[in-house]
Amino acid sequence: MVTDDILEKYDMTVGIECHVQLATKSKLFSGADNDERDKSPNSVVSPIDYALPGMLPVLNRGAVDLAIKAGKALNSKVAHISRFDRKHYFYPDLPKGYQTTQMYLPIIGAGVINVPLEDGGSIEVRINHAHMEEDAGKLTHYGSFSLVDLNRAGTPLIEIVSEPDIHSALQAKAYATELYHLMTYAGVTRGDLFHGNMRFDVNVSAALKGADKLGTRAEVKNLNSFRSVERAADYEFRRQIEILESGEKVVQETRGWDDNKQKTTSQRSKEDAQDYRYMPDADIPPIVLSDEEILAIQSDVPRLSSEWRKILQRLDLNYLQIETLLDAEFEYHGKISFLESIEKAMDDIKKAKFIANWNVNMFIPVLRDETFVRTGIDYLALESAIYDLIEQAKLSSTNAKTLFNELIKFDELPNIEDYATERGFIQNSDIDAISGIIDEVLSDISSVQAVADFKNGNEKVIGFLVGQVMKKSGGKANPGLVQKIIREKIA
Amino acid sequence: MTTISDIQKKIKSSSARAVVENALRLARDNEDYHALLNLTEERALKRADEVDEGKITGKLAGVPFVVKDNFLAFGAPTTAASKMLEKFDAPLQATAVEKLEAEGAICIGKANLDAFAHGGSTENSAFGPTKNAFDKTRVAGGSSGGSAAITALDVVPFALGSDTGGSIREPASFNGVVGVKPTYGMISRYGVVAMASSTDVIGTFTTNIADAEMILQIISGRDDRDMTTLPDFFEIQSDVKPGLRIGLVNDFMTKDVDPEVLARVNEYVEKLRASGHTVEAVDLPMAEYSLAIYYIIVPAELSSNLARYDGIRYGHRAEGVMTLAELYGRTRDEGFVTENKRRIMIGSYVLSSGFFDAYYLQAQKARTLLINEFNELFKKYDMLIGPVAPTSAFKLGENTADPIKMYMCDIMTVATSLAGLPAISVPAGNSESGLPIGVQLMGPYRSDASLLALARSMENK
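Shown next, in the form of structure tokens:
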């Protein structure tokens with residue numbers, strides 16, 4: 449076991465490679481359907497994906513456009529000239545005997561992204577580059593044989609390669625999460641993590657604090673959740689420290705993540721590394737892009753998570769609240785926009801903050817309840833009306849919640865104040881009426897002692913008096929207002 | 022020799038079926054040349070009937086032709102003359118074949134070649150060599166030897182081939198027919214078993230220039246299925262531009278070239294001069310390195326293009342194997358011929374880590390210098406001329422033991438392949454022993470039409 453004292457002696461350095469599956473209709477070099485989810489094996493495979501003799505790749509311009517958009521999301525430069533190369537190795541999931549990728553001239557160059565952290569801070573992570581490539585197929589192994597499914601072969605990916613600017617497991621998770629937001633908001637990927645739309649390879653090394661060289665790294669491949677990125681980085685860091693503490697050397701190798709056992713296991717070491725015999729792919733002319741083309745395509749990118757975040761930060765929301773909003777925004781993309789409703793309210797920061805909080809605490813949990821059926825009502829109008837009633841002191845927060853939960857099931861919104869009145873949710877804020885009730889209470893014999901006590905400095909008794917007024921008003925008076933008036937009257 | 026219009030007259034006077042049946046009979050009569058690997062008889066006859074019934078029409082309605090067996094085509098397996106694809110039935114056809122069929126042409130058979138087009142004599146065919154149309158003891162040249170011989174034997178008026186470093190021009194020269202290697206990208210490579218992606222071109226064998234022009238007009242053009250195809254540019258030129266400036270490439274007219282070949286080229290040069298063109302000797306110093314460049318870049322590319330033949334999805338698969346490595350090893354050992362393996366090994370070597378820069382990159386740089394030299398020459402000259410090959414057809418087996426000697430046959434054809442330039446081989450007479458000798462005309466990028474117009478103007482002069 450590595451104790452905290454020993455952990456303290458070391459620095460963690462992490463670089464992450466992230467494969468993002470592009471949300472194109474067809475594959476990178478063929479017209480076959482790019483959405484292989486729930487398709488029977490080898491049913492979305494064209495002769496090109498199958499690598500039939502004589503077949504040639506035809507570059508999907510839609511994939512190039514998405515890569516250009518990814519460049520914007522990554523705050524990175526898009527290359528004027530990029531090109532495809534062939535990476536050779538023999539494996540049954542690789543029909544051509546090579547993967548078409550971009551080794552020498554990738555489409556996306558260097559950049560840097562800001563990664564917010566749970567503690568409210570943030571780090572800058574530099575992007576080394578991002579390149580386009582095709583995915584391989586899938587092998588399923590049975591005792592004496594294996595089956596090949598080429599549905600995924602030729603699926604367009606971009607691989608985003610970070611610099612080693614990440615220094616904790618939490619930062620690794622935050623980086624992965626931020627990439628997910630950026631790529632989904634830019635419309636680059638469908639973001640279906642369960643189906644491996646984003647996969648992370650995490651390179652981890654440990655070195656003594658103050659050491660002038662990074663430690664030997666190990667790469668944990670194919671992580672498909674933010675949590676596993678965090679866990680794998682943490683596990684790997686501890687594993688390497690344990691090795692270093694025992695005087696041994698960390699082996700440069702590729703490791704896998706066992707989600708059940710929550711540990712990494714060795715897959716192959718550097719000595720087994722293949723010689724990929726990279727060479728330019730002469731079947732695909734270079735991608736040549738002008739600044740005008742790049743800008744035109746990037747101007748279609750909707751507002752990115754990073755931009756939304758800047759707006760939300762003005763509302764003093766914490767990391768988790770912002771995460772909840774960003775996640776829900778993507779989840780309900782095209783159906784409900786929580787963020788737009790907040791933005792519309794931004795003229796009144798207090799109101800915007802109320803709506804943000806209401807979305808996080810009330811609305812989103814209701815939506816995620818499987819029994820809830822959405823209707824066509826204007827949710828922002830409902831939230832707005834509730835806010836106004838609360839502001840006017842006509843609605844208590846408890847009643848507001850009940851009112852919301854009732855109205856959200858309606859097919860059409862009634863006049864909200866009328867409805868609330870009908871349901872008896874409206875607090876009485878009519879000062880004259882309340883004053884009358886207060887006068888009654890204060891002049892009642894049972895209040896004499898309390899009034900005297902209050903005058904002698906016993907603050908607590910005001911609660912008793914307010915309670916009496918509330919009782920008399922049938923619970924409809926606004927307690928804040930009641931207290932205020934009582935104080936004025938006694939003082 | 023029979024021209025396309027001769028055939029069209031016969032179709033008019035008899036029927037497409039009679040013409041196609043005749044071509045099939047001629048193909049059988051000439052079986053001992055081994056120019057064809059398979060006939061596509063059933064499909065050919067069916068299509069001939071459809072021409073006669075008026076269901077199929079077009080500029081080439083009923084005209085029989087042959088394709089090199091690295092073109093995906095219906096009616097017989099597409100073998101690339103290899104055990105690897107011996108039983109491979111193509112599920113689709115090459116663009117060039119589709120375009121010819123759209124004009125009513127009828128493919129009657131698949132022509133022999135060096136396996137996967139690796140070679141210059143068709144002796145590397147897994148199914149045995151093709152013999153020269155003029156001398157059965159000699160090679161037909163290669164790799165499109167079958168296409169050249171079958172045209173020379175007058176079985177069909179035209180055939181398709183592919184040329185990566187001379188594979189159309191050399192066999193055309195050896196068999197006394199017209200062979201055209203167009204500008205890279207003029208004709209779609211879709212559906213043709215790839216050898217080297219950056220130099221592979223599709224081209225024609227015909228008995229005369231006009232027929233070549235007609236076929237090229239049909240099969241050329243931009244194809245959305247091949248990103249390297251150029252926008253349509255080929256347009257037949259009715260007349261040759263008078264007073265062309267032509268450069269005779271010194272570097273191809275050396276003492277290593279058979280005197281009879283030099284003599285035929287010089288005669289052709291005199292005829293050009295007599296026709297009012299200027300011919301001057303020019304230097305192409307990089308030509309000396311073109312073979313070295315070629316035999317680095319082309320093996321590199323073909324080692325990659327042949328990686329797909331792994332026994333997993335189609336083609337030959339070794340039996341009785343226990344491991345994946347054994348499956349790959351044995352499948353590829355059994356499916357490829359020696360020359361395939363030699364080139365795959367060279368290619369894998371020059372691409373491997375630590376050697377890539379020294380070989381592949383260096384060769385690409387030298388290739389750029391070669392292209393620059395051509396560009397410089399074409400500032401001063403409209404065309405270039407030289408021999409096609411150092412000799413006329415050599416004896417079967419003469420060069421098989423020495424791959425370098427075999428590679429030397431490509432020395433005059435690879436330069437234009439590396440530069441992507443059009444080059445044609447036109448018959449220029451015979452040797453004393455009666456073997457055909459071709460002369461090579463080479464032009465700037467996309468000058469195919471003017472090159473052919475010049476060659477046409479010189480025909481029968």
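Quick note, the sequences are listed as chains F and A, same order. For the first sequence, the numbering used here gives the first residue as 449, with consecutive numbering after it. For the second sequence, the numbering used here gives the first residue as 22, with consecutive numbering after it. Where is the CB? At the ideal position from N, CA and C, for every residue including glycine.
Self-check item: Candidates D901/F, G928/F, L743/F and E788/F, of which the one nearest E755/F by Cα
Solution: E788/F
Quiz item: So, does the CB of D247/A fall closer than 8 Å to a CB anywhere in chain F?
Solution: yes
Quiz item: Can you give, in chain order, each stretch of the beta strand (DSSP E) that sits fully within the segment 592-639 of chain F and has at least 3 residues?
Solution: 593-597 and 604-610
Quiz prompt | Cα-Cα separation between E456/F and N708/F, rounded to whole angstroms | solution = 28 Å
Quiz prompt | C-alpha gap between A848/F and S894/F, whole angstroms | solution = 33 Å
Exercise. Identify the contact partners of M397/F in chain A, using a Cβ-Cβ distance below 8 Å as the criterion.
Key: What the structure shows of chain F is the stretch from 449 to 939, and residue 397/F is not part of that stretch, so it cannot be assessed.
Quiz item: When the Cα atoms are used, what is the spatial distance from S413/A to A518/F?
Solution: 59 Å
Quiz prompt | Helix, strand or coil at D354/A [DSSP, three-state] | solution = helix
Exercise. Compare the C-beta of Y546/F with all C-beta atoms of chain A and state if any pair is closer than 8 Å.
Key: yes
Exercise. With 8 Å as the C-beta to C-beta threshold (strictly closer), list the residues of the segment 494-510 of chain F near chain A in chain order.
Key: P495, Y498, A499, L500, P501, G502, M503, L504, P505, V506 and L507
Exercise. Starting from the C-beta of R285/A, find all residues in its chain whose C-beta is less than 7 Å away, skip the five residues before and the five after it, and write them out in chain order.
Key: A449, G450, I458 and V460
Quiz prompt | Contact under 8 Å by Cβ, S438/A with G187/A | solution = yes
Exercise. Identify whether T664/F lies in helix, strand or coil by the three-state DSSP scheme.
Key: coil
Quiz item: Where D423/A and T151/A are concerned, what is the direct C-alpha to C-alpha distance, given to the nearest angstrom?
Solution: 19 Å
Quiz item: Mind checking S142/A: buried by the 16 CB within 10 Å criterion, or exposed?
Solution: buried
Quiz item: When the distance is taken between beta carbons, is L774/F closer than 8 Å to H629/F?
Solution: yes
Quiz item: Based on the DSSP secondary-structure assignment, which residues constitute the bridge partners of L587/F?
Solution: V596/F
Quiz prompt | Contact set between the segment 83-101 of chain A and chain F, restricted to residues whose Cβ is under 9 Å from the partner | solution = N91, F92, L93, T99 and A101
Quiz item: Is R334/A close to chain F, meaning its C-beta is less than 8 Å from at least one C-beta of that chain?
Solution: yes
Practice problem: Rounded to whole angstroms, what's the CA-CA distance from P408/A to Y349/A? Just pull it up for me. | Solution: 42 Å
Practice problem: Determine which residues share a DSSP beta bridge with D184/A and list them. | Solution: V222/A
Quiz item: Of all the CB atoms in chain A, is at least one closer than 8 Å to the CB of V492/F?
Solution: no
Practice problem: Using a Cβ-Cβ cut-off of less than 7 Å, list which residues of the segment 511-543 of chain F approach chain A; keep chain order. | Solution: R534, H536, F538, P540 and P543
Quiz item: What residues in its chain sit with their C-beta under 7 Å from that of R665/F, if we drop five residues either side in the sequence?
Solution: N651, V652, S653 and Q700
Quiz item: Any Cβ of chain A within less than 8 Å of the Cβ of D660/F?
Solution: no
Exercise. Give the straight-line distance between the Cα atoms of E119/A and E63/A, rounded to the nearest whole angstrom.
Key: 18 Å
Quiz item: Straight-line CA distance for L587/F to A138/A?
Solution: 33 Å
Self-check item: Contacts of V213/A in chain F (Cβ-Cβ under 7 Å)
Solution: G502
Practice problem: Select from the segment 28-55 of chain A all residues with a C-beta closer than 7 Å to any C-beta belonging to chain F, and list them in chain order. | Solution: none
Practice problem: Give the interface partners of D682/F over in chain A, defined as CB-CB distance under 8 Å, in chain order. | Solution: Chain A residues near D682/F: none, gap ~34 Å exceeds 8 Å.
Quiz item: So what does Y546/F bridge to, in DSSP terms?
Solution: H536/F
Quiz item: Applying a beta-carbon distance threshold of less than 7 Å, which residues of chain B neighbour L113/A?
Solution: Among the protein chains of the structure shown, namely F and A, there is no chain B.
Exercise. Flag this pair as yes or no: are the beta carbons of S524/F and I571/F separated by less than 8 Å?
Key: no
Exercise. Run down chain F in chain order and give the residues with a C-beta less than 8 Å from the C-beta of L106/A.
Key: P501
Self-check item: Alpha carbon of P501/F to alpha carbon of L93/A, nearest angstrom
Solution: 8 Å
Practice problem: Please determine, among I496/F, F532/F, I606/F and D583/F, the residue with the shortest C-alpha to C-alpha distance to E484/F. | Solution: D583/F
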